[in-house]
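Report on the following structure.
Numbering (our numbering), first residue to last: 8 to 311.
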């Protein structure tokens with residue numbers, strides 16, 4: 008089932024295919040006819056639930072490309088490093104592998120690590136993909152977002168909440184809670200997202216942040232509920248959102264508050280599978296096709 012993430016991995020493959028260094032490279036000895044792709048990702052930490060399948064699917068796709076002869080005979084060597092969602096480990100891994108043979112791209116799904124490494128990557132002329140940090144959409148240089156910026160996803164969710172509120176015939180404006188990891192990533196959607204909430208006139212509550220890997224979210228859910236939330240936006244990486252909904256179900260809040268998950272939550276192979284009753288009825292914001300629709304796409308169907 009993890010191969011459904013090929014649709015996300017295709018973003019990186021399409022970029023690699025287009026790189027002039029591959030298609031226009033001069034003839035070199037056979038042993039040098041490859042380029043290197045760095046994947047510095049969390050494979051065993053709090054974000055592993057979704058980053059592992061992305062990395063795995065990317066690897067499968069590169070293997071398929073290499074088995075077909077690569078691009079003009081040039082193949083892709085993928086180096087995977089488990090960063091455990093740790094900035095220091097990520098920076099160390101980049102410095103270790105940045106001089107590998109013809110490094111053409113890096114995938115780093117950890118916002119503060121990308122911020123720390125951006126000057127070095129620009130000096131090395133190694134472009135990077137990161138999932139959704141809005142800074143790199145606003146000021147594109149050597150780092151590119153692989154999905155929609157987190158601010159845009161939050162804004163889309165706010166639009167949906169307001170539309171849903173009005174469709175139910177309710178007056179006034181909804182009160183909206185926000186829960187996410189206590190990290191740069193967890194706050195990113197609010198950098199612009201809060202201003203958008205003010206612009207459209209919804210009542211956005213004080214955000215509730217908690218450490219990645221938190222096992223019980225009762226305290227933060229209780230505060231959201233006591234503040235009168237009608238909707239609640241959930242950040243994090245699954246199973247975070249699913250665990251929040253599990254706790255919300257225990258508190259009787261899933262029928263009272265409409266929960267809306269950010270991109271990296273409510274995955275069919277993680278939280279939805281583990282907590283089907285709790286996740287039923289929640290809404291997912293996603294910048295790419297998922298589930299059955301993703302598996303029908305030609306590149307995915309071919310590799311399934």
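Idealized CB from N, CA, C, for every residue including glycine.
Report task. Note down, in chain order, each residue of its chain lying with its Cβ closer than 8 Å to the Cβ of residue 263, except the 5 sequence neighbours on either side. Result -> 232
Query raised in the report: Quick one: what's residue 141 bridged to in DSSP?
Result: Answer is none; residue 141 lacks a bridge partner.
Query raised in the report: Among residues of its own chain, excluding the 5 on either side of residue 121, which ones have a beta-carbon nearer than 7 Å to its beta-carbon?
Result: Take residue 121, set aside five residues on each side of it, and the residues of its chain with a beta-carbon closer than 7 Å to its own are 115, 135, 137, 140, 150, in chain order.
Requested in this report: Give the straight-line distance between the Cα atoms of residue 144 and residue 157, rounded to the nearest whole angstrom.
Outcome: 10 Å
Query - Whole-angstrom distance between residue 268 and residue 293, CA atom to CA atom - result: Each residue's Cα considered, the two are about 9 Å apart.
Query raised in the report: Nearest CA to the CA of residue 95: which residue from 83, 257, 191, 124?
Result: Of the residues 83, 257, 191, 124, the one whose Cα lies closest to the Cα of residue 95 is 124.
Query - For residue 187: DSSP bridge partner residues - result: According to DSSP, which records beta bridges pairwise, residue 187 is partnered with 216.
Report task. Rounded to whole angstroms, what's the CA-CA distance from residue 101 to residue 216? Just pull it up for me. Result -> 29 Å
Report task. Following the continuous alpha helix (DSSP H) through residue 395, name the residue where it begins and the one where it ends. Result -> Given a span of 8 to 311 for the chain in the structure shown, any question on residue 395 remains unanswerable.
Report task. Decide yes or no for the touch test of the segment 270 to 280 against the segment 238 to 257: beta carbon pairs closer than 8 Å, at least 3 of them. Result -> yes
Query raised in the report: Which ranges would you report for the alpha helix (DSSP H) in the segment 218 to 293 if only whole runs of at least 4 residues count?
Result: 225 to 233, 247 to 257, 278 to 281, 283 to 286
Report task. Identify which residue in 83, 89, 82 has its Cα closest to the Cα of residue 53. Result -> For the residues 83, 89, 82, the minimum Cα distance to residue 53 belongs to 89.
Report task. Kindly provide the ranges of any alpha helix (DSSP H) runs that are 4 or more residues long and lie completely inside the segment 107 to 185, ordered along the chain. Result -> 118 to 131, 142 to 145, 157 to 174
Requested in this report: Could you tell me whether the Cβ atoms of residue 85 and residue 43 are closer together than 9 Å?
Outcome: yes
Query raised in the report: When you compare only the Cα positions, how much space is there between residue 307 and residue 179?
Result: 45 Å
**Report entry** Status (buried if at least 16 other CB within 10 Å, exposed otherwise) for residue 155
**Finding:** buried
Report task. Using only alpha-carbon positions, find the residue among 281, 300, 303, 167 that is nearest to residue 265. Result -> 167
Query raised in the report: From residue 290 to residue 249, what distance separates their C-alpha atoms?
Result: 12 Å
**Report entry** Nearest-angstrom beta carbon gap, residue 258 and residue 234 [assumed within contact, 8 Å]
**Finding:** At roughly 14 Å, the Cβ-Cβ gap does not stay under 8 Å, so residue 234 and residue 258 are not in contact.
Report task. Return the residue from the list 98, 112, 280 that minimises the CA-CA distance to residue 119. Result -> 98
Requested in this report: Establish whether the CB of residue 128 and some CB of chain B are separated by less than 9 Å.
Outcome: Among the protein chains of the structure shown there is no chain B, as only one such chain exists.
Query raised in the report: Considering only residues of the same chain and omitting the five flanking positions on each side of residue 286, which have a CB-CB separation below 7 Å?
Result: 249, 252, 273, 278, 279
Query raised in the report: So residue 51 is in the beta strand (DSSP E); what residue range does that whole segment cover?
Result: From DSSP, residue 51 is part of no beta strand (DSSP E); its letter is neither H nor E.
Report task. With distances taken Cα to Cα, identify the nearest neighbour of residue 200 among 190, 214, 73. Result -> 214
Report task. Name the two residues that bound the continuous alpha helix (DSSP H) containing residue 78. Result -> First-last for residue 78: undefined, no H or E at that position.
Query raised in the report: Which stretch, first to last residue, makes up the alpha helix (DSSP H) that contains residue 97?
Result: 94 to 104
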